[in-house]
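J.: What follows is a single structure, and I will ask about it in a moment.
Numbering (the numbering used here), first residue to last: 224 to 474.
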């Protein structure tokens, strides 16, 4: 399905019961650029793209795409799924509760520049099934309008968070129990939270696997507090903290 409906600007709707590659139970399906720059407004409830292994730029520049319906399946029957730039510059407003992207291995720029994206729903799964391989979260939410990382968000398999939340100017809160690269090693947190609205690093936040924090919290002008028990690079050696908190309001 590579480029199948690319630049179909008048294509607004995928009808209920549409089947795309669902019979390929022993083979992976390529959805790269399938709906790039189309006029889609929603992914309908129950849409089954479970066999997909490549969603790179699938919904990129779908500026009218605001909604992922309940029960949508994206790569859940595959492994090591590429979600690179999958929804970049789309009109999404939220990632719905329990959205399962657990098989993802690459989320680089997946939701970058989704300027209307404010919410990551509870129970969203991002790469959690990749227990033996690192997951790339570089620029994953860069330039979005998310306001918090919800309690319990599991991004533990990540080995790169470079610019992951860069310029998320409304991101004020990291919820309790959020996991960032805790199951990986030599994790890159370079510019991860650059120019966000964070007010504190919450007690117990574990970023112990980080080996670079270059500009990690640079220009976080509302950041006043580092909570008790926060771990920064304690499991790594030769950790870089250059400009890590430059321009913050730490007291």
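Virtual Cβ for every residue (Gly too), placed ideally from N, Cα, C.
Note that the structure is a prediction, hence the values are computed from the model and not measured.
(1) Within this structure, are the beta carbons of residue 315 and residue 337 separated by less than 7 Å?
(2) Indicate the three-state DSSP secondary structure (helix, strand or coil) for residue 271 in the structure shown.
(3) The beta strand (DSSP E) spanning residue 328 covers which residue range?
(4) Within 10 angstroms of its Cβ, does residue 242 collect 16 or more other Cβ (buried), or is it exposed?
(5) Within 10 angstroms of the Cβ of residue 426, are there 16 or more other Cβ atoms? Answer buried if so, exposed if not.
(6) Count the other C-beta atoms from every protein chain shown that fall within 10 angstroms of the C-beta of residue 362, then say buried if there are 16 or more, exposed otherwise.
(7) Which value, in whole angstroms, describes the spacing of the CA atoms of residue 389 and residue 366?
(8) Between 422, 224 and 385, which lies nearest to residue 404 when the distance is taken from Cα to Cα?
(9) Can you have a look at residue 473 and say buried or exposed, based on whether 16 or more other CB atoms are within 10 angstroms of its CB?
(10) How would you label residue 309, buried or exposed, when you count the other beta carbons within 10 angstroms and need 16 or more for buried?
(11) As a quick exercise: from 253, 383, 402 and 420, pick the residue whose alpha carbon is nearest that of residue 413.
(12) With residue 381 as the anchor, note down where its beta strand (DSSP E) starts and where it stops.
(13) By the three-class DSSP mapping on this structure, what secondary structure does residue 478 have?
T.: Taking the structure as given:
(1) It is a contact, given that the beta carbons lie within the stated cut-off.
(2) Reduced to three states, the DSSP call for residue 271 is strand.
(3) Its beta strand (DSSP E) spans residues 327 to 329.
(4) Under this definition residue 242 is an exposed residue.
(5) Exposed, since its Cβ has fewer than 16 Cβ neighbours within 10 Å.
(6) Burial call: buried.
(7) If you draw a straight line from the Cα of residue 389 to the Cα of residue 366, it is about 6 Å long.
(8) Of 422, 224 and 385, the residue nearest in Cα terms is 385.
(9) Counting Cβ neighbours within 10 Å, residue 473 comes out exposed, since fewer than 16 surround it.
(10) Buried is the call here.
(11) In this structure, 383 is the residue among 253, 383, 402 and 420 with its C-alpha nearest to the C-alpha of residue 413.
(12) Its beta strand (DSSP E) spans residues 381 to 383.
(13) Outside the displayed span of the chain (224 to 474) sits residue 478, for which this structure offers no information.
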